[in-house]
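Report on one structure; see the data block that follows.
Residue numbers (the working numbering): 798 to 1421.
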């Protein structure tokens, strides 16, 4: 691992796909000082290398990606891409035609009127012969699993399917450098894994260079090198396992480590063992490390390392606040049903998650919950026990009251911002709902306090804020309307680990205030950690419903529904041959380590010198 000063000297070699020296870049702002995004950044990326950039929101990752693809030009410094001077306009076309970039929000790069037309757009503009375009389009759609959607309107696709379309469009251009800017954020776990395997295959077979920007440290672990940016500077660099060994430094920078790394590091701390880089190479080496560490400790040491049990928060209410019965829906342009006979109920004060693969119908379902989409068949009803009231989204007279009581926050909620100041944007909803100005002002202050937004932001334009700050404003705008039920569609997508934790802290605070939360998420670990109950959708059908423990205990294979187990549960399941009674129903790393230690004590394997594998550092460990 390398710690970086602001201006390191680098060896510029022709084998580099990207070489940057002393890059500076600032974004201009109207009537305000510019915002510096890059501050003396220097680095090199070899041809055919898979590198990963991580860092907090606003650290300069996306800005660097735009510079590499010459969508922006640096204020100072030098930049060469594929041996070409990226500051010379004469080279812009050549660089752009050889670099493909997939953005976080697919709507920003979809231009075709049909799926296959959109995929063909890039190679057509590169002058690729028509027969070759046809082959590339077919191959790209097959790669991402959209072949059957070739004739569809892009607007008819789900968020995850749009992301696949954007990826296919770039793959069809056959770039030499593939830039992924949080491009898996809206994919379900299985689709994300399939795409990353495809990217690695293209890299190994075709020698493309992969520049991968992500907040997901499990994705970062797939790279050859990881660059850590902070405030536009390169502060750490090295192989993933080297950086993960510096867990405390990573956390200082607002970053996480993969689940398997967290388990091993916690176990080492508790048992007084020195963590080794060899332990952190992969899930397999981490599993072997856990076995080795526990084997070398006596039972008392293991027992003493068990932490204090944590109290879980659960909902005891039996009061139903929302009921969906036999709900079905079909979009005219698609024909087939996207929701098929869905029924479920939500209890007052609970956190109810809707999970499912991309295109399973999640966003369509939640759009029915506040009357944004009206039922074609079936019913959506809202209940209020105090006055024995029932409202139905089928009734025009009920919809206004339902929308007062059900707040809906979509994917990329910052796109819901539109007013000229933060204050006006947050106040817009409650005032439109008929809340008196004084009460609306009180609601606004309570909302910004809850999301940690200082009052000094109220007179600023929301469009001048960072991505994380915009997310807070959008969240505050919904909270200020004081709904009984909040429906949140991927509320933490695209945020760094600190931002994600903040979002789920807001959700926890809202729950304490008696609010009911309906959450849509692709992140199985987060959904399992926070949810009381979960509903699984697959191809528009409600497949199963239950607590996280019921869904992820292994009695049913979630992979059959296009999902994966939470990473922590997957890791723990690999230890079941050693500890058959290991409790898998915990979703926090420290709690999981407690359960592993308890299982080791019960199994009496701490002193078992005949355990399965030798220490991985001996170089003889086998993979399971």
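Backbone N, C-alpha and C fix where the C-beta goes; we use that ideal spot for every residue, glycine too.
Let me confirm a value: residue i is counted as buried when at least 16 other C-beta atoms fall within 10 Å, else exposed. Which label applies?
i	result
residue 1200	buried
residue 948	exposed
residue 1049	exposed
residue 1158	buried
residue 1078	buried
residue 1194	exposed
residue 828	exposed
residue 933	buried
residue 1033	buried
residue 1392	buried
residue 1348	buried
residue 1339	buried
residue 1004	exposed
residue 1187	exposed
residue 886	exposed
residue 998	exposed
residue 1310	exposed
residue 1104	exposed
residue 1215	exposed
residue 905	exposed
residue 793	For the chain, the structure presents residues 798 to 1421; residue 793 sits outside this window and is missing.
residue 1217	exposed
residue 1183	exposed
residue 1080	buried
residue 1265	buried
Within a Cβ cutoff of 7 Å, which residues of the same chain sit near residue i, ignoring the five residues on either side of it in sequence?
i	result
residue 1414	The predicted position of residue 1414 is uncertain, since its pLDDT is 48 and thus under 50; no value can be drawn from it.
residue 1037	1017, 1018, 1020, 1023
residue 812	843, 844
residue 752	The structure shown has nothing for residue 752, since the chain only spans 798 to 1421.
residue 836	803, 821, 1028, 1029, 1030
residue 1168	1190, 1196, 1199, 1200
residue 1318	1150, 1152, 1287, 1324
residue 985	957, 1154, 1155, 1319, 1359, 1360
residue 859	978, 1010
residue 1387	1063, 1104
residue 1042	1072, 1074, 1077
residue 805	Confidence is the limiting factor: at residue 805 the pLDDT is only 41, short of 50, which leaves the residue's position unreliable, though a coordinate-based value still follows. These residues qualify, in order along the chain: 839.
Do we get a CB-CB distance below 8 Å when we pair residue i with the residues of chain C?
i	result
residue 928	Considering every chain present, this structure includes no chain C. It has just one protein chain.
Is the beta carbon of residue i less than 8 Å from the beta carbon of residue j?
i	j	result
residue 1163	residue 1136	no
residue 983	residue 897	no
residue 1331	residue 1361	no
residue 1369	residue 1389	yes
residue 861	residue 1084	no
residue 852	residue 834	no
residue 1006	residue 814	yes
residue 1250	residue 1285	no
residue 975	residue 996	yes
residue 1099	residue 1394	yes
residue 963	residue 918	no
residue 938	residue 916	yes
residue 1144	residue 1185	no
Going along the chain, which residues of its own chain have a beta-carbon closer than 8 Å to the beta-carbon of residue i, five neighbours each way excluded?
i	result
residue 1307	1247, 1276, 1283, 1314
residue 881	888, 891, 892
residue 826	832, 1261
residue 1300	1268, 1272, 1288, 1289, 1292
residue 1008	815, 842, 848, 850, 862, 865, 974, 975, 976, 977
Apart from the five residues just before and just after residue i, which ones in its own chain have a Cβ nearer than 6 Å to its Cβ?
i	result
residue 1012	1293
residue 1014	1053, 1054, 1055
**Request:** State whether the stretch 1230 to 1248 contacts the stretch 1259 to 1279, with contact taken as three or more CB pairs (one from each stretch) at a distance under 8 Å.
**Result:** Segment contact: the stretch 1230 to 1248 against the stretch 1259 to 1279, three or more CB-CB distances shorter than 8 Å; contact assigned.
**At least 3 beta-carbon pairs within less than 8 Å: the stretch 1086 to 1093 vs the stretch 1058 to 1070** = A contact between stretches requires three or more CB pairs, one per stretch, nearer than 8 Å, and the stretch 1086 to 1093 meets this requirement with the stretch 1058 to 1070.
**Request:** Could you tell me whether the stretch 1207 to 1219 touches the stretch 1227 to 1234, where touching means 3 or more Cβ pairs closer than 8 Å?
**Result:** Verdict: no, contact absent.
**Prompt:** Hey, is the stretch 1256 to 1268 in contact with the stretch 1218 to 1225, meaning 3+ C-beta pairs nearer than 8 Å?
**Reply:** Flag = yes, the stretch 1256 to 1268 and the stretch 1218 to 1225 touch.
**Item:** Continuous alpha helix (DSSP H) assignments of at least 4 residues falling wholly in the stretch 1022 to 1090
**Value:** Restricting attention to alpha helix (DSSP H) runs no shorter than 4 residues, the stretch 1022 to 1090 encloses them at 1037 to 1042, 1044 to 1049, 1056 to 1068, ordered along the chain.
**Message:** Check whether the stretch 1170 to 1184 and the stretch 1113 to 1122 are in contact - that is, three or more C-beta pairs closer than 8 Å.
**Reply:** Cβ pair count under 8 Å is three or more, so yes.
**Asked** Three or more C-beta pairs closer than 8 Å, one from the stretch 906 to 917 and one from the stretch 937 to 957: is that the case here?
**Response** Yes, the stretch 906 to 917 is in contact with the stretch 937 to 957.
**Start-end ranges of the alpha helix (DSSP H) lying completely within the stretch 842 to 877, minimum 4 residues** = Runs found: 858 to 865.
**Asked** Between the stretch 917 to 929 and the stretch 985 to 997, do at least 3 Cβ pairs fall closer than 8 Å?
**Response** Between the stretch 917 to 929 and the stretch 985 to 997 there are fewer than three C-beta pairs closer than 8 Å, too few to call the two in contact.
**Prompt:** Residue ranges of each alpha helix (DSSP H) run of no fewer than 4 residues wholly in the stretch 1255 to 1293, ordered along the chain?
**Reply:** Complete alpha helix (DSSP H) runs here, min 4: 1264 to 1276.
**Sequence ranges, beta strand (DSSP E) only - wholly within the stretch 1160 to 1218, length at least 3** = Listed in chain order, they are 1174 to 1181, 1186 to 1189, 1203 to 1206.
**Request:** Quick one: which unbroken alpha helix (DSSP H) runs of 4-plus residues sit fully inside the stretch 921 to 965? Chain order, please.
**Result:** The stretch 921 to 965 contains, as complete alpha helix (DSSP H) runs of 4+ residues, the segments 927 to 941 (chain order).
**Prompt:** Can you list, in chain order, the stretches of the alpha helix (DSSP H) that have 4 or more residues and sit fully within the stretch 1298 to 1332?
**Reply:** For the stretch 1298 to 1332, whole alpha helix (DSSP H) runs of length 4 or above, ordered along the chain, are 1321 to 1327.
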